[in-house]
Amino acid sequence: MELTLDRVTFSLDGKTLVRDLSLQARSGQVIGLVGPNGSGKSTALRCVYRALKPTCGTVLVDRLDLASLTLRESARAVAAMTQDSTVELDFTVEEVVALGRAPHLRGNQNLSARERDLVTGTMARLDICHLARRGILTLSGGERQRVLVARALVQEPKILVLDEPTNHLDVRHQIELLSLLRGLGPTVLVVLHDLNLAAAACDRLAVLSHGRLVASGTPEEALTAELLREVFGVRADVVRHPRTGDPQLLYALIPHL
Amino acid sequence: MILRNLTPTEVPETSSPGIPAAVPEGRLHRPAAVAATCAALAVLLSGSVLLAISLGPAPVPPADTARFLWAALTGGEVAAVDITTYQIIWEIRTPRVLLAALVGAGLSAVGVAVQVMVRNALADPFVLGVSSGAAVGAVGVTVSGGLAGLGLHAVSGGAFAGALFASFLVYFASSRGGALSPLRLVLTGVCVSFGLQAVMSVIIYLAPTSEATSTVLYWTMGSFGAASWSVLPVVTATVLLGIAVLHRRSRSLDVMALGDETAVSLGISPDRQRRSLLVLASLLTGVMVAVSGAISFVGLVMPHLVRLLTGAGHARVLALAPLAGAVFMVWADLIARTLAAPRELPIGVITALVGVPVFITLMRRKSYLFGGR
Chain R
1 MELTLDRVTF SLDGKTLVRD LSLQARSGQV IGLVGPNGSG KSTALRCVYR ALKPTCGTVL
61 VDRLDLASLT LRESARAVAA MTQDSTVELD FTVEEVVALG RAPHLRGNQN LSARERDLVT
121 GTMARLDICH LARRGILTLS GGERQRVLVA RALVQEPKIL VLDEPTNHLD VRHQIELLSL
181 LRGLGPTVLV VLHDLNLAAA ACDRLAVLSH GRLVASGTPE EALTAELLRE VFGVRADVVR
241 HPRTGDPQLL YALIPHL
Chain E
1 MILRNLTPTE VPETSSPGIP AAVPEGRLHR PAAVAATCAA LAVLLSGSVL LAISLGPAPV
61 PPADTARFLW AALTGGEVAA VDITTYQIIW EIRTPRVLLA ALVGAGLSAV GVAVQVMVRN
121 ALADPFVLGV SSGAAVGAVG VTVSGGLAGL GLHAVSGGAF AGALFASFLV YFASSRGGAL
181 SPLRLVLTGV CVSFGLQAVM SVIIYLAPTS EATSTVLYWT MGSFGAASWS VLPVVTATVL
241 LGIAVLHRRS RSLDVMALGD ETAVSLGISP DRQRRSLLVL ASLLTGVMVA VSGAISFVGL
301 VMPHLVRLLT GAGHARVLAL APLAGAVFMV WADLIARTLA APRELPIGVI TALVGVPVFI
361 TLMRRKSYLF GGR
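If you read the protein sequences in the order shown, they are chains R and E. Counting in UniProt numbering, the final residue of the first sequence is number 257, and the numbers go up one at a time with none missing. Counting in UniProt numbering, the final residue of the second sequence is number 373, and the numbers go up one at a time with none missing.
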């Protein structure tokens, strides 16, 4: 399914956090949203999963305006793994994953046999079956992230948005999680801080600065030395990964080098 | 809360299936186990009700109690010598015990919902100022003699009106642009409670009748002493309907507990949920407070106790908590009226004296986490 942001603007208390953002993600693509702190990445994402309502502009899923749908209807199309995924109560992992079916079920309707298989299958895919009966609050950061991804996938979304999913993860889990996003099925829109990982994991990157889109394209097109200097304020050399060919950045901590 | 649970956060994730996952022991997860526990609690509740009706300053053998109850329900005959006992059983004790069971069930269910609504483990049904509102309403009616049209139920009517007034005040003071933040709800609730307590003190100070003082005691400590058949239909309908509605929404409550942003992404508007939960909780608590005063502790602790046993899923918690709360309240009321008979202890004293040690023991024995703390 296609995800389109058409001139999305979001202002709060007179401050414009996202201005005229237009983006398009084709079916099955992984689009990375990168930019310095406060550039409006998370705000843009929150407009997609409807935690915020754009001041102007529209978010379209296959040419259908999300704002014309009820929250339940759009939750069947768009799943999100939010940054602030605090769980209050000690649900079991299995329960949390099963709650991904909430937008598809009426009231307390039980999960069907197919849905139970879906839950088990998704947990197997993310290698969390052995945690099924563990309390979510007892898990480590990496385990918990995988549980939340599983919950989002069980939602069977057409669009999956993730806000810094690699936060708090060690490097191995970062790589595991991001390689999982490729070939997942749904179109993925992901906010990432690590530009090297973003370059490796995404089909296309969109670079935001002060709420505006300043560059977009393949990682190679988007991540140039000039852009890194102007937008991120860092000097970096862009090299090719010797094996994958992805652009990778080398930072120099000493300015005059 | 327990060190044992906090230390092993970094469980090696390479753990092969060979290493058994730490399943929280003793939790009821299978639907069959929950149904069986519900059935067991229902049996326990029926037994407790029968026993509580039999016991009192003038104990009646449970077999006789059952016979009198049967006679009352089927319109059977009661021998002339038994008429006094029959009246004690049917007119005084039965409505009282039934009311205790209903209020225990209702407070427990509302406590579950309110703790999710305001995201706070310390919340109970009275966190939104309902109890102090009810006390002000009751005292106001006692002192002014208002609502005379309601006859015997004037004070209850005043308490109910006061409770609803407090809830509305909290709602309007804490909502901003249609959004209800959990923290603002709790803070406003606490503020409104303090304000209303001050109002109550002023009323008592200006009208120092002994009646006003005892009304305040009654409403702040709680009692089932005024139970009668005439209030039971309203309370029964409200409490049972309220519990049913809450139970039907258990999946929404589960989703709410995952955080506001996640709730939206799962198709549930947290503000709308909180608004309707607030209305529901206020109505239920208002009705209960109006007939029994603010009985503390049950609505705070019963939700935690049940979560300790069954885990956090609301479909299970909202099935078990009302039954457990009902059993607990029936026994608490029995102790309150028999321990120092013929004098009666305020029931809030008993619920705390019995509940606190039980709860602390369970907390120390079992792994229990609320909000990761």
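Positions of the beta carbon are idealized from the N, C-alpha and C atoms, including for glycine.
Candidates E:A212, E:W90, E:W70, E:R275: closest to V143 (chain E) by CA position: Residue 143 (chain E) sits at position 143 when you count from the first residue of the second sequence. If we check each option's Cα against that of V143 (chain E), E:A212 comes out closest.
Is the Cβ of S132 (chain E) closer than 7 Å to any Cβ of chain R? Within the second sequence, the letter at position 132 stands for residue 132 (chain E). Not closer than 7 Å to any Cβ of chain R, the Cβ of S132 (chain E) fails to qualify, so no.
Considering only their Cβ atoms, is the gap separating D246 (chain R) from A198 (chain R) smaller than 7 Å? Mapped onto the first sequence, residue 198 (chain R) falls at position 198. Mapped onto the first sequence, residue 246 (chain R) falls at position 246. No, Cβ-Cβ distance for A198 (chain R) and D246 (chain R) is not below 7 Å.
What are the boundary residues of the beta strand (DSSP E) that L60 (chain R) is part of? Sequence index remark: in the first sequence, residue 60 (chain R) carries index 60 (1-based). Counting along the chain, the beta strand (DSSP E) containing L60 (chain R) begins and ends at 56-61.
What residue range is occupied by the uninterrupted beta strand (DSSP E) comprising P247 (chain R)? By one-based count along the first sequence, residue 247 (chain R) stands at place 247. Per DSSP, P247 (chain R) belongs to the beta strand (DSSP E) from 247-251.
Just the Cα atoms here: how many angstroms apart are L126 (chain R) and M256 (chain E)? Here residue 126 (chain R) refers to the residue found at position 126 when the first sequence is read from its first residue. Here residue 256 (chain E) refers to the residue found at position 256 when the second sequence is read from its first residue. About 24 Å.
Cα-Cα separation between M302 (chain E) and I128 (chain R), rounded to whole angstroms: Along the second sequence, one-based indexing puts residue 302 (chain E) at 302. Along the first sequence, one-based indexing puts residue 128 (chain R) at 128. The straight-line gap from Cα to Cα measures roughly 32 Å.
Closer than 6 Å: is that where the CB of V161 (chain R) sits relative to any heavy atom of the ligand MG? Ligands displayed in this structure: none; no statement on the ligand MG is therefore possible.
Whole-angstrom C-beta distance between F126 (chain E) and A294 (chain E), which should lie under 8 Å: For the purposes of this step, residue 294 (chain E) is identified with residue 294 of the second sequence, where counting begins at 1. For the purposes of this step, residue 126 (chain E) is identified with residue 126 of the second sequence, where counting begins at 1. Right, their Cβ atoms sit about 6 Å apart.
Exposed or buried, Q115 (chain E), counting other C-beta atoms within 10 Å across all chains shown (16 or more means buried)? For the purposes of this step, residue 115 (chain E) is identified with residue 115 of the second sequence, where counting begins at 1. So Q115 (chain E) ends up on the buried side.
Quick test of your reading: T16 (chain R) and L60 (chain R), contact by CB under 8 Å. State the CB separation rounded to the nearest angstrom. The residue labelled residue 16 (chain R) in the question sits at position 16 within the first sequence. The residue labelled residue 60 (chain R) in the question sits at position 60 within the first sequence. Incorrect: roughly 21 Å between the Cβ atoms, too far for contact.
At the 7 Å Cβ level, is V255 (chain E) part of the contact set with chain R, yes or no? Translated into positions along the second sequence, residue 255 (chain E) becomes position 255. Taking Cβ atoms only, chain R reaches closer than 7 Å to V255 (chain E), which makes this a yes.
Which residues, in chain order, does the stretch 87-103 of chain R contribute to contact with chain E at a C-beta distance below 8 Å? V87, E88, L89, D90, F91, T92, E95, V96, L99, G100, A102, P103
Return no unless some Cβ of chain E is closer than 7 Å to the Cβ of Y49 (chain R). Within the first sequence, the letter at position 49 stands for residue 49 (chain R). Yes, Y49 (chain R) counts as interfacial toward chain E.
Going along the stretch 69-82 of chain R in order, which residues come within less than 9 Å of chain E, judged by CB to CB distance? T70, L71, R72, E73, S74, A75, R76, V78, A79, A80, M81, T82
Status (buried if at least 16 other CB within 10 Å, exposed otherwise) for G211 (chain R): On the first sequence, position 211 is the one that residue 211 (chain R) refers to. G211 (chain R) should be labelled buried.
Quick one: give me the first and last residue of the alpha helix (DSSP H) that V291 (chain E) is part of. What you label residue 291 (chain E) is simply residue 291 of the second sequence in a count that begins at 1. First-last of the alpha helix (DSSP H) with V291 (chain E): 270-292.
Rounded to whole angstroms, what's the CA-CA distance from A222 (chain R) to F172 (chain E)? Just pull it up for me. In the first sequence, counting from the first residue as 1, residue 222 (chain R) sits at position 222. In the second sequence, counting from the first residue as 1, residue 172 (chain E) sits at position 172. The alpha-carbon atoms of A222 (chain R) and F172 (chain E) are separated by roughly 49 Å.
With a threshold of 7 Å between beta-carbons, can G26 (chain E) be considered close to chain R, or not? For this step, residue 26 (chain E) is matched to residue 26 along the second sequence. A caution first: G26 (chain E) carries a pLDDT of 44, below 50, which makes its placement in the model unreliable, though a value can still be read off. By this cut-off, G26 (chain E) is not an interface position.
Around the C-beta of I360 (chain E), are 16 or more other C-beta atoms found within 10 angstroms, so that it is buried, or is it exposed? Within the second sequence, the letter at position 360 stands for residue 360 (chain E). I360 (chain E) is exposed by the Cβ-count criterion.
Examine chain E for any beta-carbon lying closer than 7 Å to the beta-carbon of G107 (chain R), and answer yes or no. Position 107 of the first sequence holds residue 107 (chain R). G107 (chain R) counts as touching chain E.
For the alpha helix (DSSP H) holding K41 (chain R), just list the boundary residues, first then last. Stepping through the first sequence from its first residue, residue 41 (chain R) is reached at position 41. It spans 41-48 - the alpha helix (DSSP H) in which K41 (chain R) sits, taken as one unbroken run.
T166 (chain R) - containing beta strand (DSSP E), residue span: Residue 166 (chain R) sits at position 166 when you count from the first residue of the first sequence. No beta strand (DSSP E) contains T166 (chain R), which DSSP labels as neither H nor E.
Write down every uninterrupted run of the beta strand (DSSP E) in the stretch 79-158 of chain R whose length is 3 residues or greater and which is fully enclosed by it, in chain order. none
Roughly how many angstroms lie between the CA atoms of P24 (chain E) and Q87 (chain E), to the nearest whole one? Within the second sequence, the letter at position 24 stands for residue 24 (chain E). Within the second sequence, the letter at position 87 stands for residue 87 (chain E). Its pLDDT being 43, under 50, P24 (chain E) is placed unreliably in this model, and the value from its coordinates should be taken loosely. For P24 (chain E) and Q87 (chain E), the distance between alpha carbons rounds to 50 Å.
How big is the Cα-Cα spacing for L249 (chain R) and E115 (chain R)? The residue given as residue 249 (chain R) occupies position 249 in the first sequence. The residue given as residue 115 (chain R) occupies position 115 in the first sequence. Going by the C-alpha atoms only, they are around 43 Å apart.
How far does the beta strand (DSSP E) with R212 (chain R) in it extend, from its first residue to its last? Working through the first sequence from its first residue, we reach residue 212 (chain R) at position 212. Start and end: 212-217.
Got a sec: is the Cβ-Cβ distance from L266 (chain E) to anything in chain R below 7 Å? As a position in the second sequence, residue 266 (chain E) is number 266, starting the count at 1. Judged by the 7 Å Cβ criterion, L266 (chain E) is in contact with chain R.
As an exercise, report each continuous beta strand (DSSP E) stretch of at least 3 residues that is fully enclosed by the stretch 297-339 of chain E, in chain order. none
Are the CB atoms of V96 (chain R) and L131 (chain R) within a distance shorter than 7 Å? Along the first sequence, read from residue 1 onward, the residue named residue 131 (chain R) stands at position 131. Along the first sequence, read from residue 1 onward, the residue named residue 96 (chain R) stands at position 96. No.
Per the contact definition of three or more C-beta pairs closer than 8 Å, is the stretch 187-197 of chain E in contact with the stretch 56-68 of chain E? no
Rounded to the nearest angstrom, what separates L283 (chain E) and V245 (chain E) at their Cα positions? Walking along the second sequence from the start, residue 283 (chain E) turns up at place 283. Walking along the second sequence from the start, residue 245 (chain E) turns up at place 245. Going by the C-alpha atoms only, they are around 13 Å apart.
For G142 (chain R) and D90 (chain R), believed in contact at Cβ under 8 Å, the rounded distance: Taking the first residue of the first sequence as 1, we reach residue 90 (chain R) at position 90. Taking the first residue of the first sequence as 1, we reach residue 142 (chain R) at position 142. Between G142 (chain R) and D90 (chain R) the Cβ distance is about 18 Å, and since that is not below 8 Å, they are no contact.
Look up S250 (chain E) in the DSSP assignment and say whether it is helix, strand or coil. Counting from one through the second sequence, the residue named residue 250 (chain E) turns up at place 250. The answer is helix: DSSP assigns S250 (chain E) an H, G or I state.
Please list the segments of the alpha helix (DSSP H) lying wholly inside the stretch 80-119 of chain E, counting only runs of 4 or more residues, in order along the chain. 83-87, 94-117
Is D333 (chain E) near F160 (chain E), with beta carbons less than 7 Å apart? Taking the second sequence and counting its residues from 1, one reaches residue 333 (chain E) at position 333. Taking the second sequence and counting its residues from 1, one reaches residue 160 (chain E) at position 160. No, Cβ-Cβ distance for D333 (chain E) and F160 (chain E) is not below 7 Å.
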